[in-house]
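In this note's numbering, the protein residues as written are 67 to 396.
Read the structure below first, then the notes.
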């Protein structure tokens, strides 16, 4: 539905409401299959309307995009979408993209022992930046819905993922994420769980009980899942993939009770055979470590994901947050 049609809906509703001005004023003036026209009070904001009608204040920009140019403090009526009208988020001036950030280890030291280890103070600065600059962290599962045209996402939506399952995620990163109310997906591989620097299954389940955490699969052993360069036979390759995909799914699902339907490729390596296997096993999406953001027309099994390293400057971090690509689509 175009913005013009939304405005027409609002105008016609106001007209007929004026003809019935003796009636008791209602919160919802009119509703059709796509919108409800809401009477604005002095306490309302786009965030409060998103909380009331869409379930969370983070969807304020979704409400706002259907009320262009409206100052809600001075408005009498606002159109609130009841379903995804433009879930692909393609507009006349460009299209929305969703960055997925990837972390591994964390430390309380000023610097990490390797680039894969992000110091606590750097992680906090990054999360504070997201919070202070209007970014809305959404679950990874939302990208699957976004790509399939089932859900509109906030204008500055970002996803946070954590690979492997190090203890430092639970001890350092998760408390900061929880403080800001940011969801995250942790990809674990069973053969690492219980190692000295890794979470054990009790830890994994404690995190899994947190509403902001989703536990998903990072294979069974973290072996590269591309075909071996020595000339691996087809049958041997398929058998190896089954162990890494199917066996890992069974273990993680049994341990956590989760539906395992998201996969992180170890080292970002994949193949047509592996993608087909994920589809056959009813996975919704899979992530690589290819730097970049994700528009609605991305392949759900080849999603870009940007690695965040210890020592990255804030300038480099912010360069990972591409949320809109300007293109003249007229």
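A virtual CB, placed ideally from N, CA and C, is assigned to each residue, including glycine.
For residue i, is the classification buried or exposed, using 16 other Cβ atoms within 10 angstroms of its Cβ as the cut-off for buried?
i, result
"residue 173", "buried"
"residue 147", "buried"
"residue 427", "Residue coverage of the chain in this structure runs from 67 to 396, which leaves residue 427 outside it and unanswerable."
"residue 386", "buried"
"residue 97", "exposed"
"residue 297", "exposed"
"residue 122", "exposed"
"residue 88", "The predicted model places residue 88 with a pLDDT of 43, which falls under 50 and marks its position as unreliable, so this point remains unresolved."
"residue 21", "For residue 21 there is no data in the structure shown, the boundaries of the chain being 67 and 396."
"residue 252", "buried"
With DSSP collapsed to three states, give me the class of residue i.
i, result
"residue 302", "helix"
"residue 141", "coil"
"residue 282", "strand"
"residue 297", "coil"
"residue 126", "helix"
"residue 360", "strand"
"residue 161", "strand"
"residue 307", "helix"
"residue 389", "coil"
"residue 321", "helix"
"residue 108", "coil"
"residue 352", "strand"
"residue 195", "helix"
"residue 177", "coil"
"residue 119", "helix"
"residue 101", "strand"
"residue 332", "helix"
"residue 155", "coil"
"residue 204", "coil"
Looking at C-alpha atoms only, which residue of the options is the closest neighbour of residue i?
i, options, result
"residue 294", "302, 288, 287", "302"
"residue 431", "323, 280, 276, 335", "The structure shown does not extend to residue 431, since the chain is modelled only from 67 to 396, so the question has no answer here."
"residue 204", "358, 227, 344", "227"
"residue 138", "124, 108, 156, 116", "108"
"residue 210", "201, 366, 357, 384", "366"
"residue 250", "268, 123, 208", "208"
"residue 185", "171, 153, 161", "171"
"residue 237", "286, 265, 351, 168", "265"
"residue 181", "194, 381, 392, 375", "375"
"residue 218", "201, 362, 394, 240", "362"
"residue 214", "190, 350, 195", "350"
"residue 119", "245, 299, 102", "102"
"residue 190", "244, 279, 116", "244"
With residue i and residue j assumed to form a contact (beta carbons below 8 Å), what rounded beta-carbon distance in angstroms separates them?
i, j, result
"residue 256", "residue 330", "Actually they do not touch by this definition, with Cβ atoms about 14 Å apart."
"residue 274", "residue 322", "5 Å"
"residue 289", "residue 310", "6 Å"
"residue 354", "residue 371", "6 Å"
"residue 304", "residue 339", "7 Å"
"residue 393", "residue 232", "Not a contact, Cβ separation roughly 39 Å."
Within the stretch 236-274, ranges of the beta strand (DSSP E) (whole runs, at least 3 residues): 250-254
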